[in-house]
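*Asks:* In the numbering used here, each number is its position in the sequence shown, counted from 1, plus 29. Ideal Cβ placement from N, Cα and C applies to all residues, glycine included.
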Amino acid sequence: MPRIIIKNISHLVTMDVARRELTGVDMAIENGVISEIGKNLDGQGIDAAGCIVTPGLVNTHHHLYQTLTRAVPGGQDALLFGWLQTLYPIWGRMGPEEFYTAAQVGLAELALSGCTTSSDHQYIFPNGATLDDSIAAASEVGLRFHACRGSMSIGESDGGLPPDSMVENESKILEDCIRVIDRFHDDSDGAMTRVVVAPCSPFSVSTDLMMDSAALARDKGVMLHTHLAENNEDVAYSIERFGCRPGQYAEDMGWTGDDVWHAHCVKLDSKEIDLFALTGTGVAHCPCSNCRLGSGIAPVRAMRDAGVNVGLGVDGSASNDGGHLLNESRQTLLLQRVQNGADAMSAREALEIATLGGAQVLGRSDMGSLAIGKRAD
């Protein structure tokens, strides 16, 4: 790959350790890696005069298959649990072609809003669909992809939320996790595909599966992801079923650490925030989805102040009715100001969450900032 120079950058937002912002500079890229930043660099050039150059945005939570089920009338005014129960039967009629197409459309939409890396949490596999479908789509679109092998194992008849027809046998779930890790996971620097072990949620899998998933992920050296403390219903379910709040449940199951990130966390209390900060546990903040479902405003300011790694997620398009990651950054800023005052978050901090923050949550030290040796996303 030839040396490429991005020339005459009007404003370079590095997100490096010093959070430098440089003007009138060039940036050299060799084999996809930033090799030099300076003035008047030699090489084939792309003129960026009048442009702001930032790190690529990182999406830490999505359900790409939901791209095909936006704006379903029956779920428009429902809270999380009712919304899910409306859509489960529709999703149950999808198959490999729908999952592949949905992933292509959803990832293309993300790319158009500046996203260069996305995770995807797929926890249903109806009619022969596999995680392979979305991985193939991501390869064609060209985004870095963290494919989360989700699962549901507790159906309605056993006290879970999903219909029995949507759940899987736990042994088969773990076997398929091993299969996709062995086939697709790449832990090298600059990897395009990584695999994550990701039971859907505490209300749709057993405690055994949560613990077995944690053990499997650590044996294989991959990360863990799930939903947690998304709304008041979620917290009430945890207290009634497990006798503790979601954060305590996560700790009891082995689901804290710098190899874990949880989606939403809207209802974390101060003790849970401190737990996440102490253990290095990450959070995927999904502001538009949380607004759309009336879940609340996540305490992002408190999380950041405590030292919790926070990234952004668009969540599924069916709960967001969109997939515009830059808009999620703006929404984060607005909601934190609504909750905490006009000086609660700056535009630069919101952009940091969308770039470096997301990279940190996904365990990607090779990207998230524009510095020598980093991937030129």
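(1) Where does residue 127 land, buried or exposed, given buried means 16+ other C-beta within 10 angstroms?
(2) How far does the alpha helix (DSSP H) with residue 210 in it reach, from first residue to last?
(3) Taking a contact to mean a Cβ-Cβ separation below 7 Å, would you say residue 204 touches residue 182 in this structure?
(4) What first and last residue would you give for the beta strand (DSSP E) that runs through residue 56?
(5) Name the DSSP beta bridge partners of residue 151, please?
(6) Roughly how far, in whole angstroms, is the beta-carbon of residue 339 from the beta-carbon of residue 382, given that I think they are within contact range, below 8 Å?
(7) Quick check on the DSSP output: the beta strand (DSSP E) that includes residue 88 runs from which residue to which?
(8) Whether or not the stretch 237 to 255 and the stretch 72 to 87 are in contact is what I'm after, with contact meaning three or more pairs of Cβ atoms, one per stretch, closer than 8 Å; do they touch?
(9) With distances taken from CA atoms, which of 153, 139, 187 is nearest residue 174?
(10) Beta strand (DSSP E) containing residue 36: first to last residue?
(11) Is residue 271 near the ligand MG, in the sense that its beta carbon is under 6 Å from a heavy atom of that ligand?
(12) How many whole angstroms separate the CB atoms of residue 42 and residue 82, which I take to be in contact at a CB cut-off of 8 Å?
(13) When the Cβ atoms of the stretch 355 to 362 are set against those of the stretch 329 to 343, are three or more pairs found closer than 8 Å?
(14) Check each candidate in 149, 349, 34 and name the one with the smallest Cα separation from residue 65.
(15) At what residues does the beta strand (DSSP E) containing residue 223 begin and finish?
(16) Considering only DSSP beta bridges, list what residue 73 is partnered with.
(17) What is the C-beta distance between residue 313 and residue 90, in whole angstroms, given that I count them as a contact (C-beta under 8 Å)?
(18) Kindly indicate the opening and closing residues of the alpha helix (DSSP H) around residue 111.
(19) Closest to residue 109 by C-alpha separation, out of 225, 384, 266, would be which residue?
*Replies:* According to the structure data:
(1) buried
(2) 199 to 213
(3) no
(4) 54 to 59
(5) 178
(6) 6 Å
(7) 86 to 88
(8) no
(9) 139
(10) 33 to 38
(11) Inclusion of the ligand MG in the displayed structure is not the case, the ligand content being empty and no account of it being possible.
(12) 7 Å
(13) yes
(14) 34
(15) 222 to 228
(16) 33
(17) 4 Å
(18) 109 to 120
(19) 266
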